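Read the structure below first, then the notes.
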Amino acid sequence: MDDTAALKKTPLHALHLSLGARMVPFAGYEMPVQYPAGVLKEHLQTRAGAGLFDVSHMGQVVVRAKSGRYEDAALAFESLVPVDILGLAEGRQRYGFFTDENGGILDDLMITHLDDHLFVVVNAACKEADVAHMQKHIGDRCDITLLDRALVALQGPRAVNVLAELWADVAAMKFMDVRHCRLHDISCLVSRSGYSGEDGFEISVPANKAEDVARRLLEHPDAQPIGLGARDSLRLEAGLCLHGNDIDTTTTPVEAALEWAMQKARRTGGARGGAFPGAARILGELDNGAARRRVGLKPEGKAPVRGHSKLYADAEGKTEIGEVTSGGFGPSVEGPIAMGYVPVSHASVGTQIYAEVRGKYLPATVAALPFITPTYKR
Numbered sequence: 003m004d005d006t007a008a009l010k011k012t013p014l015h016a017l018h019l020s021l022g023a024r025m026v027p028f029a030g031y032e033m034p035v036q037y038p039a040g041v042l043k044e045h046l047q048t049r050a051g052a053g054l055f056d057v058s059h060m061g062q063v064v065v066r067a068k069s070g071r072y073e074d075a076a077l078a079f080e081s082l083v084p085v086d087i088l089g090l091a092e093g094r095q096r097y098g099f100f101t102d103e104n105g106g107i108l109d110d111l112m113i114t115h116l117d118d119h120l121f122v123v124v125n126a127a128c129k130e131a132d133v134a135h136m137q138k139h140i141g142d143r144c145d146i147t148l149l150d151r152a153l154v155a156l157q158g159p160r161a162v163n164v165l166a167e168l169w170a171d172v173a174a175m176k177f178m179d180v181r182h183c184r185l186h187d188i189s190c191l192v193s194r195s196g197y198s199g200e201d202g203f204e205i206s207v208p209a210n211k212a213e214d215v216a217r218r219l220l221e222h223p224d225a226q227p228i229g230l231g232a233r234d235s236l237r238l239e240a241g242l243c244l245h246g247n248d249i250d251t252t253t254t255p256v257e258a259a260l261e262w263a264m265q266k267a268r269r270t271g272g273a274r275g276g277a278f279p280g281a282a283r284i285l286g287e288l289d290n291g292a293a294r295r296r297v298g299l300k301p302e303g304k305a306p307v308r309g310h311s312k313l314y315a316d317a318e319g320k321t322e323i324g325e326v327t328s329g330g331f332g333p334s335v336e337g338p339i340a341m342g343y344v345p346v347s348h349a350s351v352g353t354q355i356y357a358e359v360r361g362k363y364l365p366a367t368v369a370a371l372p373f374i375t376p377t378y379k380r
């Protein structure tokens, strides 16, 4: 039996095959892990030029208050996230996360104030559960609509030059701006954001027009197609969390070093402090600290330290203190890098700990995140 038969396909599936992609199962979809250039060259291409990623497997959701007022949609959504949505300016995007009653992270997401409603991008593996979660908790106040659209990410220092060939006004956008536009006479929604640590854009496109837009972008000499392999190494160098690896229901936002995503209005003493799932634990950790923390790690030598590798305080492996959540080779860093959770007593930059790799305990140094300097357009 063909195991790929049950996998979903994005609107760009035929394009990936025509470009020679190696396809793999990912979050229920058949997705390109790499193209003939290979993961290393694709990674470096994105850091130096521009890379085009298919992220159509992600969920795109419209949340609109039954009253038709943005304020009502924002306040309803705030009951699910520890994020200031009411104060989000129109045409602006903000990172956030759904939390559960224990303060764990159900999913992380991008939230946009768009006209009179919210436009929310959620992770592929969680989108059905996320929609059900929203329907259950705010469906009485809001209409929740999962869109049938494609999503592509154009990332890298030359991304703006590539996109400007189709829409000159893109150069005026700042990081986290979101705008409606027409690309090749196709109505699109463009955000200046992404998952690589580089300047770039995410472009929501009607599913039946996705290949037209992707091919036009790839016609530019600075743009090349990039697969999931390089997407993972790029986001790891940028110190960005991958849901299901670095964050999940066993991790709180404070443990995950995501305090920056929780604005003053939602904190203790804020205008709308608390009133979200897990508020008691999350606000307590914001005020008093958490017992453990997500940190960057630089293993010594050249051997990569992969996810689920155990971390120890000593070279003999007697005192286990944590676990690696993401790890691999950082092409731009030119060495192995990783992220993981350790007690706050071992979380200071420069602390030496040990990672178990094939029965050996390899030294690793706690490092500042991100591993590269982001080039977001501020």
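Add 2 to a position in the sequence shown, counting from 1, and you land on the number used in our numbering.
Using N, Cα and C, we set each Cβ at its ideal position, and we do this for glycine too.
What you are looking at is a predicted structure, and each value in this text was computed from that prediction instead of being measured.
- With a contact defined as Cβ atoms closer than 8 angstroms, P38 and G53 miss out at about 14 angstroms.
- The secondary-structure analysis by DSSP pairs T147 across a beta bridge with V64.
- The residue among R269, M178, S198 with its C-alpha nearest the C-alpha of K379 is M178.
- At least 9 angstroms separates the beta-carbon of H115 from that of L77.
- Counting along the chain, no alpha helix (DSSP H) covers L116; the unbroken beta strand (DSSP E) around it starts and ends at 107-116.
- The alpha-carbon of Q137 is positioned some 17 angstroms away from that of D110.
- Note on P338: 16 or more other CB atoms within 10 angstroms of its CB, so buried under the neighbour-count rule.
- Taking a 10 Å sphere around the C-beta of Q62, we find 16 or more other C-beta atoms and assign the residue as buried.
- Taking C-beta atoms as the reference points, L149 and V64 count as a pair closer than 9 angstroms.
- In this structure, DSSP gives G231 a helical state, which the three-state scheme calls helix.
- Taken through DSSP and simplified to helix, strand or coil, Q265 comes out as coil.
- The Cβ atoms of S58 and A209 lie closer than 9 angstroms to each other.
- Taking C-beta atoms as the reference points, G324 and R360 fail to come closer than 9 angstroms.
- With respect to the C-alpha of A212, the residue from D234, F28, R184 having the closest C-alpha is R184.
- Note that the region 93-104 does not touch the region 142-160; fewer than 3 beta-carbon pairs, one per stretch, sit closer than 8 angstroms.
- Comparing C-alpha distances from E167 to each of A225, A126, S206 shows the shortest one belongs to A225.
- Counting C-beta pairs closer than 8 angstroms gives three or more between the region 344-364 and the region 316-331, which meets the contact rule.
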